[in-house]
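Written below as structure tokens is the structure these notes are about.
Protein chains: 2
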Amino acid sequence: MSEVKAYGAADPKADLKQINIERREVTPRDVKIKITYCGVCHSDIHTVRNDWGGSKYPVVPGHEIIGKVLEVGSEVSDFKVGDTVGVGCMVDSCRECEPCKHDLEQFCEQGMVGTYNGKDKHLGGHTYGGYSEEIIVDKYYVLSVPENLDENAVAPLLCAGITTFSPLNHWKVGKGDKVGVIGLGGLGHMGIKFAHAMGAHVVMITTSPGKAEDAKRLGADEVLISKDEEAMKKHANSFDFLLNTVPVGHDINPYLSLLKIDATMCMVGAVEPLEPVHGGSLIMGRKNVAGSLIGGIKETQEMLDFCGEHNIVSDIEMIDINTINDAYDRVVNGDVKYRFVIDMESLRN
Amino acid sequence: MSEVKAYGAADPKADLKQINIERREVTPRDVKIKITYCGVCHSDIHTVRNDWGGSKYPVVPGHEIIGKVLEVGSEVSDFKVGDTVGVGCMVDSCRECEPCKHDLEQFCEQGMVGTYNGKDKHLGGHTYGGYSEEIIVDKYYVLSVPENLDENAVAPLLCAGITTFSPLNHWKVGKGDKVGVIGLGGLGHMGIKFAHAMGAHVVMITTSPGKAEDAKRLGADEVLISKDEEAMKKHANSFDFLLNTVPVGHDINPYLSLLKIDATMCMVGAVEPLEPVHGGSLIMGRKNVAGSLIGGIKETQEMLDFCGEHNIVSDIEMIDINTINDAYDRVVNGDVKYRFVIDMESLRN
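Chains A and B, in that order, give the protein sequences. Once you know that position 227 of the first sequence is 227 in full-length UniProt numbering, the rest is easy, because the numbers rise by one and skip nothing. Once you know that position 36 of the second sequence is 36 in full-length UniProt numbering, the rest is easy, because the numbers rise by one and skip nothing.
Structure below.
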């Protein structure tokens with residue numbers, strides 16, 4: 001074991017502050033990573049503040065991790081010292097159950113091990129995330145970062161990226177499809193970029209007319225203001241796929257009216273009760289509502305490779321770790337375009 | 001035009017009683033049918049009582065119609081006088097829009113014409129259904145009834161049958177699949193029969209332990225009492241498909257927990273708001289909720305042919321038309337196994 005510096009919260013009401021945590025020794029399967037950048041995800045805040053219950057303290061958040069390989073175990077051949085690598089939302093799973101065997105480790109029957117607040121199989125206790133100098137991760141959960149991309153702006157791809165890429169990929173969005181992205185935040189701005197790169201006609205769907213210009217800059221072909229009933233009617237029954245990134249419970253019935261027959265709306269943001277869905281909204285047109293959770297390791301690597309090929313990164317604002325508590329308040333207020341990334345050098349100074 | 005006897009309701013509070021209605025002359029595309037049997041669907045009652053709003057009076061219900069061909073128009077070649085035929089929930093559609101061209105006339109962009117309370121394109125006003133001596137229907141919407149089946153027990157296939165067959169068919173239920181049918185009524189009992197005939201392992205899911213024996217007689221391999229939390233846990237994440245026939249709004253979250261990764265629950269009963277769905281119920285396991293409405297004409301014929309091949313009919317209780325008002329009360333109280341069928345000879349006497 002070795003002690004490293006990290007930023008963590010002692011309880012649900014505490015601000016994040018510098019603490020020391022322990023990292024395990026490098027085992028034969030492990031990759032030791034010097035963390036250079038770490039994205040700030042809304043889940044970090046929910047966990048720190050125990051919004052979903054069950055948080056374990058101290059919480060050291062961070063699951064959008066970019067870094068340089070410092071050391072590899074004897075059984076590691078895909079990575080070497082100095083490589084730029086990424087770590088996303090999970091650092092372990094059983095790798096033996098049906099979901100794991102089908103590259104859906106996020107649904108591991110034993111439970112995937114979250115990058116933070118997961119059950120640490122090595123040291124006992126719980127895992128600590130990326131707001132830290134270093135992390136040691138089993139090689140299976142380490143991702144290669146394409147060389148042509150800005151490393152800091154790659155960080156959010158490890159969560160916001162895969163969360164939006166995976167459903168667009170799974171439901172086979174492609175050229176000629178009309179795709180709606182509902183909500184323009186950390187997830188939504190990635191959804192627009194991906195759907196555009198996949199060749200779809202992309203419609204940004206938002207309650208805020210003020211977001212139209214930025215949506216178009218990001219790749220949206222059209223903007224639909226969901227409060228505009230006339231505009232909603234004009235787009236009725238016309239969408240091949242809807243990606244719903246709204247992070248809170250809301251009324252999805254108006255969006256269901258936008259879907260074509262047999263089309264799907266996939267929820268990726270709201271992990272809480274939705275307002276009542278009308279049975280008729282599904283029955284009329286054989287429509288579907290689904291959900292999707294990040295993506296498996298193989299698909300996450302595919303997503304990063306896709307980003308390398310299409311020059312896609314996240315729109316970010318860089319911060320130092322000592323401003324993290326202010327950044328959290330800004331995330332909660334929707335005041336970031338579109339993702340904070342921590343320069344982890346600021347933890348070492 | 002010709003006048004025929006029918007049973008109809010004058011307003012939302014009125015009992016059904018004998019009235020006279022007008023039927024059009026036989027046009028070149030028409031088939032004139034002497035109605036022999038008509039099933040009683042819960043929608044009949046909702047329409048008579050204006051539960052969904054917009055009912056037009058007098059309402060002459062009935063969209064599970066069996067009869068004999070009395071006369072055919074000059075352009076009709078598929079049917080001849082004396083044939084046993086069926087008419088289901090629709091008697092017209094545009095036959096030109098994309099849904100119609102894809103055999104999904106139930107989603108016709110011009111609106112399908114319901115067998116009753118639809119917009120009558122021939123006489124103006126609204127259409128009158130099968131609680132009647134005769135009906136005249138465009139050949140496209142007339143179905144052939146397999147000769148080996150009991151005609152009276154075929155009647156409910158035209159609505160309850162296709163409503164449950166279509167989703168099982170669309171989601172490709174087959175041998176080796178574990179399929180749950182939720183709710184044992186007019187729809188549910190057909191769902192069990194079809195899923196069993198398709199080769200699935202069928203689990204009847206109900207709140208009523210008293211329904212277990214009958215469910216097994218109908219073809220269920222197992223019965224799962226949804227109030228039994230231990231039993232529900234044992235079946236968690238194990239179903240390939242769920243057919244939800246519950247006719248009222250309810251909490252679907254416990255049922256979503258039964259689905260495998262990527263599996264679908266299809267709603268066919270509840271055309272009203274459901275209790276709040278938890279976003280996490282969909283996100284964890286990439287699960288789907290969908291809806292389905294009857295089926296197209298081509299698929300309805302396929303369903304009837306499937307029934308002929310597998311000797312499937314509805315479990316019915318025969319009634320005379322003059323007991324229809326009592327029958328409605330019994331349907332509302334769930335006191336029928338599993339579908340009333342009116343012997344329309346009783347209207348002629």
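For every residue, glycine included, the Cβ atom is placed at its ideal position computed from N, Cα and C.
Rounded straight-line distance, which links the Cα of residue 287 of chain B to that of residue 261 of chain B: Start at 1 with the first residue of the second sequence, and residue 261 of chain B comes out as number 261. Start at 1 with the first residue of the second sequence, and residue 287 of chain B comes out as number 287. Pairing residue 261 of chain B with residue 287 of chain B, the inter-Cα distance amounts to about 6 Å.
Segment contact flag, the region 122-134 of chain B with the region 50-67 of chain B, C-beta cutoff 8 Å, min 3 pairs: yes
Contact residues within the region 271-300 of chain B, judged by C-beta distance below 8 Å to chain A: Going along the region 271-300 of chain B in chain order, one finds 271, 272, 273, 274, 275, 276, 277, 278, 279, 280, 281, 282, 283, 284, 285, 286, 287, 288, 289, 290, 291, 292 and 293 with a Cβ nearer than 8 Å to chain A.
Length of the line joining the Cα atoms of residue 160 of chain B and residue 187 of chain B: Position 160 of the second sequence, counted from the first residue, corresponds to residue 160 of chain B. Position 187 of the second sequence, counted from the first residue, corresponds to residue 187 of chain B. So the two alpha carbons sit approximately 5 Å from each other.
Buried versus exposed call for residue 15 of chain B [16 or more other C-beta atoms within 10 Å across all chains shown]: Translated into positions along the second sequence, residue 15 of chain B becomes position 15. It counts as exposed.
Residue closest to residue 35 of chain B, alpha-carbon to alpha-carbon, out of B:271, B:146 and B:83: For the purposes of this step, residue 35 of chain B is taken as residue 35 along the second sequence, with counting starting at 1. Selected option, being the one with the closest Cα: B:83.
9 Å Cβ cutoff met for residue 221 of chain B and residue 203 of chain B: Within the second sequence, residue 221 of chain B is the residue found at index 221, counting from 1. Within the second sequence, residue 203 of chain B is the residue found at index 203, counting from 1. Going by C-beta atoms, residue 221 of chain B is nearer than 9 Å to residue 203 of chain B.
Cβ-based contacts, 8 Å cut-off: residues of the region 242-275 of chain A near chain B: 249, 261, 264, 267, 268, 269, 270, 271, 272, 273, 274 and 275
Chain B contact residues for residue 158 of chain A, given Cβ-Cβ distances below 8 Å: In the first sequence, residue 158 of chain A corresponds to position 158, counting from 1. In chain order: nothing, as chain B lies at least about 18 Å away.
Straight-line gap, residue 300 of chain B to residue 50 of chain B (C-alpha atoms, nearest Å): Residue numbering aside, residue 300 of chain B sits at position 300 when the second sequence is read from its first letter. Residue numbering aside, residue 50 of chain B sits at position 50 when the second sequence is read from its first letter. Between residue 300 of chain B and residue 50 of chain B, the C-alpha separation is close to 27 Å.
Whole-Å CB distance - residue 115 of chain A paired with residue 268 of chain A, under 8 Å assumed: Locating residue 115 of chain A in the first sequence gives position 115, counting from the first residue. Locating residue 268 of chain A in the first sequence gives position 268, counting from the first residue. Wrong, their Cβ atoms sit about 18 Å apart, outside the cutoff.
Residue-level contact to chain A via CB, residue 170 of chain B, 9 Å cutoff: Position 170 of the second sequence, counted from the first residue, corresponds to residue 170 of chain B. Cβ-Cβ to chain A under 9 Å: yes for residue 170 of chain B.
Residue 211 of chain B and residue 184 of chain B closer than 9 Å at C-beta: The residue labelled residue 211 of chain B in the question sits at position 211 within the second sequence. The residue labelled residue 184 of chain B in the question sits at position 184 within the second sequence. Yes; because the gap between Cβ atoms is below 9 Å, this pair is in contact.
Cβ-based neighbour list, residue 78 of chain A, same chain, cut-off 7 Å, excluding 5 preceding and 5 following: Position 78 of the first sequence, counted from the first residue, corresponds to residue 78 of chain A. Excluding sequence neighbours, residue 78 of chain A sits near 139.
Within chain A, partners of residue 107 of chain B - CB distance below 8 Å: As a first step, residue 107 of chain B must be located in the second sequence, where it is residue number 107. Those within 8 Å of residue 107 of chain B in chain A are 261, 284, 285 and 286.
Proximal residues to residue 272 of chain A (C-beta, below 6 Å), its chain only, five neighbours per side dropped: Counting from one through the first sequence, the residue named residue 272 of chain A turns up at place 272. Answer for residue 272 of chain A: 249, listed in chain order.
Beta-carbon proximity list for residue 292 of chain B, same chain, < 8 Å, skipping 5 on both sides: Translated into positions along the second sequence, residue 292 of chain B becomes position 292. Only residues of its own chain outside the window of five on either side were considered, and among them 163, 166, 167, 170, 266, 267 and 268 have a CB closer than 8 Å to the CB of residue 292 of chain B, listed in chain order.
Interface flag, residue 104 of chain A vs chain B, CB-CB below 9 Å: Numbered from its first residue, the first sequence carries residue 104 of chain A at position 104. Output row for residue 104 of chain A: interface = yes.
Cβ-based contacts, 9 Å cut-off: residues of the region 85-101 of chain A near chain B: 98 and 99
Pair within 9 Å by beta-carbon distance, residue 316 of chain A and residue 338 of chain A: Taking the first residue of the first sequence as 1, we reach residue 316 of chain A at position 316. Taking the first residue of the first sequence as 1, we reach residue 338 of chain A at position 338. It is a contact, given that the beta carbons lie within the stated cut-off.
Assigned exposure category for residue 102 of chain B - 16 Cβ within 10 Å defines buried: Position 102 of the second sequence, counted from the first residue, corresponds to residue 102 of chain B. Exposed.
Sufficient close CB pairs (3 or more, under 8 Å) joining the region 92-99 of chain A to the region 40-59 of chain A: Judged by pairs of C-beta atoms under 8 Å, the region 92-99 of chain A does not touch the region 40-59 of chain A, as fewer than three such pairs exist.
Beta-ladder partner(s) of residue 344 of chain B, from DSSP: In the second sequence, residue 344 of chain B corresponds to position 344, counting from 1. DSSP output for residue 344 of chain B lists no bridge partner at all.
Given 8 Å, three or more beta-carbon pairs between the region 37-47 of chain A and the region 327-338 of chain A: yes
Residues near residue 321 of chain A in its chain [Cβ-Cβ closer than 6 Å; skip 5 each side]: Within the first sequence, the letter at position 321 stands for residue 321 of chain A. The answer, listed in chain order, is 7, 342, 346 and 347.
Proximity below 9 Å, CB of residue 1 of chain B to CB of residue 29 of chain B: Indexing the second sequence from 1 puts residue 1 of chain B at position 1. Indexing the second sequence from 1 puts residue 29 of chain B at position 29. Inclusion of residue 1 of chain B and residue 29 of chain B in the CB contact set at 9 Å is not warranted, their separation being larger than that value.
Own chain residues within Cβ distance below 6 Å of residue 181 of chain B, not counting five before or after: By one-based count along the second sequence, residue 181 of chain B stands at place 181. Same-chain partners within the cutoff: 188, 191, 192, 204 and 243.
Those runs of the alpha helix (DSSP H) which lie wholly inside the region 40-68 of chain A and span at least 4 residues: 42-48
Sequence-distant residues of the same chain with beta carbon closer than 8 Å to residue 356 of chain B, five excluded per side: The question about residue 356 of chain B has no answer here: the residues shown for chain B are numbered 1 through 349.
Buried or exposed (CB count within 10 angstroms, at least 16 for buried), residue 310 of chain B: In the second sequence, the residue the question calls residue 310 of chain B occupies position 310. Counting Cβ neighbours within 10 Å, residue 310 of chain B comes out exposed, since fewer than 16 surround it.
When B:209, B:174 and B:213 are compared against residue 201 of chain B, the one with the closest alpha-carbon: By one-based count along the second sequence, residue 201 of chain B stands at place 201. Selected option, being the one with the closest Cα: B:174.
Secondary structure of residue 110 of chain A, DSSP reduced to three states: What you label residue 110 of chain A is simply residue 110 of the first sequence in a count that begins at 1. Residue 110 of chain A falls in the coil class under three-state DSSP.
Candidates A:109, A:219, A:270 and A:226: closest to residue 52 of chain A by CA position: For the purposes of this step, residue 52 of chain A is identified with residue 52 of the first sequence, where counting begins at 1. Comparing Cα positions, the closest option is A:270.
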